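Residue numbers (my numbering): 798 to 1151.
Cβ coordinates follow ideal geometry from the N, Cα and C atoms, glycine included.
Computed from a predicted structure; not experimentally measured.
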């Protein structure tokens, strides 16, 4: 089988390429090799185990330059929650119009589409009240708790990034619904070796790593009790590989599947895991009274549908996934704490913090 992977040179794409090559698939990547993600674009190009087409997923001609494929896997996206709040046009263009072209390419070729969405479509998500009922109005009542997000929960994104991912799903349904095979995977917070450490929009764990290497205190925004579901990148690529091998029935419309560990980890626990995995002296963890626009309080995936479908079970717990990231990333260049300082300053300058 020949797989066309948009964003194939990126963090998830490289891990997926390794997995698919081990399964004997031939690979084509369509990737812009953006400098925000790739400090050494030629090295990224040379390191891809297949044919690399350098081009923009928003350019129909770039898709046309890709040779025939048996499946289209759409990973390419802009992913910075905070950055999306002041670069709305760019995020809409890549995450919505780029997804439209990916879906049209799959339809044109008559092949399945596997696309990566995001847990950000849920926003703050549902809550379970003291009496067991599930509510979606965002009100935190006494005795209620955050609920694990289900695939049929309503979309309620609170960031431009989440809005564009929600729109991207709608585009896939419009382009392929009932006519072509489409699987949409909604991952939680993905971590693992190979993240772009110089990119301050890749996630909080890269910022923690920079502080560890520089001997600076780790800053945790808010009270640190916010929860996230951290999924190792190889657990995500295993699910993508499963979706490639098990295409969704075309007549059913897009098949939506959550991907996560199914376990909540607080941001304070995440910082503790990072310090425990450090290859240098421990650093302090301090709490900073900052809230960034687009951030949510709680997130975790309900994996019931994934289990019912028979997708691969997650293999990594949060502590082991963090340790893997810290130890494999320690000697990689690019992690600088001041890059995250500057990113926060940009949000402050635009009135996007409180």
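Can you give me the Cβ contacts of residue i inside the same chain, cut-off strictly under 6 Å, excluding the 5 residues immediately before and after it?
| i | result |
| --- | --- |
| residue 868 | 800, 908, 909, 1041 |
| residue 942 | 925 |
| residue 1111 | 1032, 1058 |
| residue 1070 | 1116, 1119 |
| residue 1072 | 1079 |
| residue 1011 | 1134 |
| residue 874 | 892 |
| residue 1044 | 909, 978 |
Do residue i and residue j have their C-beta atoms within less than 9 Å of each other?
| i | j | result |
| --- | --- | --- |
| residue 1118 | residue 913 | no |
| residue 979 | residue 1051 | yes |
| residue 1006 | residue 1127 | yes |
| residue 1065 | residue 986 | no |
| residue 871 | residue 900 | yes |
| residue 994 | residue 1129 | yes |
| residue 828 | residue 803 | yes |
| residue 773 | residue 1002 | Look at the range of the chain in this structure, 798 to 1151, and you will see that residue 773 is not part of it. |
| residue 961 | residue 893 | yes |
| residue 1090 | residue 1151 | yes |
| residue 1039 | residue 977 | no |
| residue 990 | residue 1125 | yes |
| residue 1144 | residue 883 | yes |
| residue 983 | residue 1054 | yes |
| residue 807 | residue 849 | no |
| residue 1013 | residue 1134 | yes |
| residue 981 | residue 952 | no |
| residue 859 | residue 975 | no |
| residue 856 | residue 898 | yes |
| residue 950 | residue 933 | yes |
Using a 10 Å radius around the Cβ and a threshold of 16 neighbouring Cβ atoms, would you call residue i buried or exposed?
| i | result |
| --- | --- |
| residue 819 | exposed |
| residue 956 | buried |
| residue 992 | buried |
| residue 954 | buried |
| residue 876 | buried |
| residue 1078 | exposed |
| residue 1026 | buried |
| residue 885 | exposed |
| residue 815 | exposed |
| residue 945 | buried |
| residue 891 | buried |
| residue 821 | exposed |
| residue 959 | buried |
| residue 935 | exposed |
Whose C-beta lies closer than 8 Å to the C-beta of residue i among residues of the same chain, with five residues either side of it excluded?
| i | result |
| --- | --- |
| residue 866 | 799, 800, 801, 825, 906, 908 |
| residue 1088 | 1018, 1019, 1150, 1151 |
| residue 940 | 926, 927 |
| residue 1030 | 808, 809, 812, 987, 988, 989, 990, 991 |
| residue 1060 | 1026, 1097, 1114, 1115 |
Counting only the same chain and skipping the five closest in sequence on each side, list residues whose C-beta sits under 7 Å from that of residue i.
| i | result |
| --- | --- |
| residue 896 | 871, 912, 965, 968, 969 |
| residue 972 | 897, 900, 901, 904 |
| residue 1063 | 1021, 1022, 1023, 1024 |
| residue 1147 | 883 |
*Kindly provide the ranges of any alpha helix (DSSP H) runs that are 4 or more residues long and lie completely inside the segment 1013 to 1076, ordered along the chain.*
Listed in chain order, the complete alpha helix (DSSP H) runs (minimum 4 residues) inside the segment 1013 to 1076 are 1030 to 1042, 1064 to 1074.
_the segment 947 to 965 contacting the segment 1014 to 1023, beta-carbon criterion three pairs below 8 Å_ = At 8 Å Cβ cutoff, the stretches do not touch.
*Determine contact between the segment 916 to 932 and the segment 1081 to 1101, defined as no fewer than three beta-carbon pairs at a distance below 8 Å.*
Enough Cβ pairs lie closer than 8 Å, so yes.
*When the Cβ atoms of the segment 810 to 817 are set against those of the segment 844 to 854, are three or more pairs found closer than 8 Å?*
In short, these stretches touch, since the Cβ pair count reaches three.
*Can we say the segment 1030 to 1040 touches the segment 1081 to 1091, given the rule of at least three CB pairs closer than 8 Å?*
No: the two stretches stay apart, fewer than three of their Cβ pairs being nearer than 8 Å.
_Inside the segment 862 to 887 only - alpha helix (DSSP H) runs reaching at least 4 residues_ = When DSSP assignments are scanned along the segment 862 to 887, the uninterrupted stretches of alpha helix (DSSP H) that are 4 or more residues long and fall wholly within it turn out to be 878 to 881.
_Which complete alpha helix (DSSP H) runs does the segment 1068 to 1143 hold, if anything under 4 residues is left out?_
If we require 4 residues or more, the alpha helix (DSSP H) runs fully inside the segment 1068 to 1143 come out as 1101 to 1106, 1115 to 1126.
_Contiguous alpha helix (DSSP H) assignments of at least 4 residues, all confined to the segment 913 to 982_ = You should have 957 to 973.
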